[in-house]
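Letter 273 of the sequence shown, counting from 1, is numbered 375 in this note's numbering, and no numbers are missing.
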Amino acid sequence: MSRLDLHLHTTHSDGSCTPTEVVTMAHRAGVTALAITDHDITTGMAEAFTAGQQCGIEIIPGVEISSFAGNSELHILGYFLDWQDFDLLERLTTLRESRHRRNPRIIERLQTLGIDITYDEVRALAGTDSIGRPHIARVLMDKHVVASAKEAFDRFLAEGKPAYIPRELPSPAEAISWIKAARGLAVLAHPTWVKLEDCSLVDLVRQLKADGLDGVEVYYSTHAARQTREYLNLAQQLGLLVTGGSDFHGLTKPDIEVGIGKGTLHIPPSLLPKMKKATGRL
Ligand SMILES: [Zn+2]
Ligand SMILES: [Zn+2]
């Protein structure tokens, strides 16, 4: 059965597999087209294209930009964008630097809590420019401070926990405008994680559409069947594209596999021509 996976992370952000490894796994899982969507970075694309050519998988350039609105982080996926666009790269660099400023402060907090951890250790483990909280969680696991990444977030790193430091993030409208300026499609990632305060999801997505949003990630590893139906209706109601992805991270989210999520995810390949049509590339 052929399938898509339009949401995958690699070692270029907080995933534990290289782009080549991710593409190879996708090929084995029967994926015919995939998008690499690393957090706030597009440097994994070059290697992914080479690997895709070798196994005969279509590679779609992508990114996942973190934004913040009200009380919630909103992740905006970008697809088919010019991943080497100068302005986009500059904006993403600035965004990653804000995370760099945040990480040493998280480490300081952990140290004040009596945990033996240094920023150098986290950087060494990440082996990349793009360090995230999952890397810190992995160091805490290696040091047996916690037994799982989930415990690291639940006890220390999640919002409201003792080592939580907020990030300086763009608004969703800004993130969407960056993607559009690089001629990409902007899609709201995993609506299940959106924290709604005063407005309904429909109102939020309607506002995002007014800001330029093109689609909603309807198919996702942790969406229950009921949620998939709800988000599908929402996308249809507002005339938005439907996309889907596993949000594979490798070891950081060990229960999620490329192409099939927790085993039941199936993203229909028929979504792709509609996306291409929307970009004007079909
Ligand atoms: Zn996300
Ligand atoms: Zn993601």
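For every residue, glycine included, the Cβ atom is placed at its ideal position computed from N, Cα and C.
Handout entry: CA-to-CA distance, Leu190 to Leu287, given in whole angstroms
Key = 14 Å
Exercise for the section: Drop a sphere of 10 angstroms on the beta-carbon of Gly158, count the other beta-carbons inside from all chains shown, and report buried for 16 or more, exposed for fewer. Expected result: exposed
Practice task
Could you give the DSSP three-state label for Gly154: helix, strand or coil?
Solution key: helix
Handout entry: Per-residue burial, Asn205 [other beta carbons within 10 Å of its own, 16 or more giving buried]
Key = buried
Handout entry: Own chain partners of Arg257 with C-beta closer than 6 Å, once the 5 adjacent residues on each side are dropped
Key = none
Problem - Identity of the residues DSSP links to Glu359 by a beta bridge - result: Gly363
Problem - Rounded C-alpha distance that separates Arg225 from Ala254 - result: 17 Å
Practice task
Assign Gly180 to buried or exposed, taking buried as 16 or more other Cβ atoms, counted over all protein chains shown, within 10 Å of its Cβ.
Solution key: buried
Handout entry: As assigned by DSSP and simplified to three states, the class of Arg204
Key = helix
Handout entry: 4 or more residues per run - each alpha helix (DSSP H) lying fully within the region 278-360
Key = 303-312 and 327-340
Handout entry: Backbone CA spacing between Leu271 and Asp142 [nearest angstrom]
Key = 11 Å
Practice task
Drop a sphere of 10 angstroms on the beta-carbon of Asp316, count the other beta-carbons inside from all chains shown, and report buried for 16 or more, exposed for fewer.
Solution key: buried
Problem - Thr324: CB within 7 Å of a non-hydrogen atom of ligand 2 - result: no
Practice task
Could you tell me if the beta carbon of Asp357 falls within a distance shorter than 7 Å of some heavy atom in ligand 2?
Solution key: no
Exercise for the section: Please confirm if Ala148 has its CB atom under 8 Å from at least one CB of chain C. Expected result: The chain labelled as chain C is not found in the depicted structure, where only one protein chain is given.
Exercise for the section: In the DSSP assignment, find the beta strand (DSSP E) that holds Val133 and state where it starts and stops. Expected result: Val133 to Ile138
Handout entry: Proximity to Gln329 [Cα-Cα], best of Leu374, Trp295 and Leu106
Key = Trp295
Problem - Heavy atoms of ligand 2 versus C-beta positions, residues under 5 Å - result: Glu166 and Asp349
Practice task
Between the Cα of Pro121 and those of Gly346, Ile138, Glu175 and Gly234, spot the shortest distance and give me the residue it belongs to.
Solution key: Ile138
Problem - Beta-bridge pairing of Arg257 - partner residues as DSSP gives them - result: Answer is none; Arg257 lacks a bridge partner.
Exercise for the section: Can you give me the start and stop residues for the beta strand (DSSP E) that Pro163 sits inside? Expected result: Glu160 to Ala171
Handout entry: Proximity winner among Pro293, Asp357, Thr354 and Leu183, relative to Met377 (alpha-carbon distances)
Key = Leu183
Practice task
Give every residue of the same chain whose Cβ lies closer than 7 Å to the Cβ of Ala260, excluding the five residues on either side of it in the sequence, and list them in chain order.
Solution key: Tyr266
Handout entry: Beta carbon of Ser232 nearer than 8 Å to that of Ser115
Key = yes
Practice task
Starting from the N-terminal end, write out each residue whose C-beta falls within a distance shorter than 5 Å of any non-hydrogen atom of ligand 1.
Solution key: His177 and Ala291
Handout entry: C-alpha distance - Met147 paired with Leu110, whole-angstrom precision
Key = 12 Å
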